[in-house]
Amino acid sequence: HIFREYDIRGVAARDLTDEVVGGIGRAYGSVLREAGLERPRVVVARDCRTSSPRLHEALVAGLVSTGCQVIDVGIGPTPLMYFASHHLGTDGGMMITGSHNPGDENGVKIVRGKASFFGPDIVALRERIRQASYVTGEGGVETTSVDDAYVAALTGGVTIKPGVKVVLDAGHGSGGPLGLRALRAAGVEVEPLYCTMDGHFPAHHPDPTQPENLADLIAKVRETGAQLGLAFDGDADRLGAVDERGNILWGDRLLILFARAVLAERPGAAILSEVKCSQTTFDDIARHGGRPVLCPTGHSLVKTRMKEENALLAGEMSGHLFFADRWYGFDDALYAALRLCELVAAAGQRPGELLADVPVTSVTPELRVACPDAVKFRVVAGVKAHFQRTHEVITV
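In the working numbering, the protein residues as written are 903 to 1298.
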């Protein structure tokens, strides 16, 4: 049950034992070796959870045992691993992170080359572990930092006019220090909130899709007179935001702002959004000269579809925002935060004013119903069959 559609997740102490995590490293290393790579180079990073050092040690040992050369880039957000895989030209990348899940959980996100590793790839990984079908070899480990290169790339891709003031709530996750550094390097005045890393997440749960987790950010924006409040999830691949009045800017409204900015420069571009976003989003993209594309939810699925459609931008209700316009196409809250500051500064208006012409729709936060893994696919099939009897149903 830890092997999901686009990553591997579970309760660290119960599900992610050293043996299991070592097996994940051995299985992935074996996949790369069997693809004909003599000594695959794999970048590995980890978040700040208390279980991450143990998982990191087991994962690296598994990779090395298959003959992989591990490039350890240390602690940071998930997009740091994505960036490192592009910047260093590695054969693969693995990120130890529990993302926005509770502190006792953890997991692994994987890329192969510059492509997502998900679905059938993860199923095959699980089967390889079950069969203990591993390649053996003598690999190695090198430690390097790409922090400076990452910040330089982030800030080099945007031009932010002076005068932007924001509050950044990193939720004590792994994106705080680099997020703060990048925003300040780009000339943004930043009021930090929970920007130190703490794997216990003492302030609030690091999930900006839940309104209660934005309460402190909203209060600080109102107190300081900032134009924007920015929030990262635990591994900073998702961006939450509030406007100058403290109103939450959900992912679909952020996508509208970004789509308008991209389409002003690149008319006719394909822009992807997913099923949880409002129809208003798709209508606004079309009205501003874009080609809206509906795709399934899930960061790996979105990135793959972006390449198929040659899309410049994609966004999810959850705050995953993917820029192939001036960036690499992966979901990166730090880069999205900079782009939001850029467009607000360029417009000379507050975020609430920029969205004044967008119809206000009623949107619930994600409603997450507890459901055992063993039956959830049958539940979805049953719901689909039920509504198909009386309604036209879109399934992507």
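All C-beta atoms, glycine included, are put in the ideal place defined by N, C-alpha and C. Note that the structure is predicted; figures quoted are calculated from it, not measured.
In this structure, the straight-line span from the alpha carbon of residue 1280 to that of residue 1131 is close to 40 Å. The C-alpha of residue 933 lies about 23 Å from the C-alpha of residue 1209. Bridge pairing for residue 971: 943, 1042 [DSSP].
Its Cα nearest to that of residue 945, the residue 1048 stands out among 1048, 1286, 916, 1083. Going by beta carbons, residue 969 and residue 925 fall outside the 8 Å limit.
In chain order, 1164, 1168, 1171, 1172, 1173, 1225, 1226, 1227 place their CB closer than 8 Å to the CB of residue 1214, counting only its own chain and leaving out the 5 sequence neighbours on each side. Residue pairing by DSSP puts residue 1094 in a beta bridge opposite 1070.
Pairing residue 1233 with residue 903 gives a Cβ-Cβ distance that is not under 8 Å. Straight-line spacing of the CA atoms in residue 1110 and residue 988 works out to 27 Å.
Beta-bridge pairing by DSSP links residue 1132 to 1070, 1143.
Residue nearest to residue 1122 within the set 1189, 1205, 1149 is 1149 (criterion: CA-CA distance).
Taking the Cα of residue 1081 as reference, the smallest distance to any Cα among 1059, 1204, 1138 is reached at 1138. Of the other Cβ atoms in all chains shown, fewer than 16 fall within 10 Å of the Cβ of residue 1259; this residue is therefore exposed. Taken through DSSP and simplified to helix, strand or coil, residue 1011 comes out as strand. In the DSSP assignment, residue 1216 falls outside any alpha helix (DSSP H) and within the unbroken beta strand (DSSP E) covering 1215 to 1217.
About 6 Å separates the beta carbons of residue 962 and residue 1043, which is inside the 8 Å limit, making them a contact pair. Under DSSP, residue 1176 forms a beta bridge with 1197.
Taking 8 Å as the cut-off, the Cβ atoms of residue 1070 and residue 1097 count as close. One alpha carbon belongs to residue 1284, the other to residue 1271, and they sit about 15 Å apart. According to DSSP, residue 997 shares a beta bridge with 947, 1011. Here residue 1296 is exposed. Its C-beta has fewer than 16 other C-beta atoms within 10 Å. Residue 1018 is positioned such that its CB atom lies no closer than 8 Å to that of residue 1278.
In this structure, DSSP gives residue 1123 a helical state, which the three-state scheme calls helix. For secondary structure counted as the beta strand (DSSP E) over 3 or more consecutive residues, the segment 1206 to 1247 holds these complete runs in sequence order: 1215 to 1217, 1223 to 1225. Contact between the segment 1022 to 1035 and the segment 978 to 992 is absent: fewer than 3 CB-CB pairs across the two stretches fall below 8 Å.
With contacts defined by Cβ atoms closer than 8 Å, residue 1247 and residue 1062 form a contacting pair.
Between residue 1118 and residue 1105 a beta carbon distance of about 7 Å is seen, short of the 8 Å cut, so the two are scored as contacting.
Pairing residue 1282 with residue 973, the inter-Cα distance amounts to about 40 Å.
Assigned with DSSP and collapsed to three states, residue 1081 falls in helix. For residue 1024, no beta strand (DSSP E) encloses it; the enclosing alpha helix (DSSP H) starts and ends at 1022 to 1033. Positions of the alpha helix (DSSP H) runs, each at least 4 residues long and wholly inside the segment 1247 to 1297, are given as 1253 to 1256, 1275 to 1290 in order along the chain.
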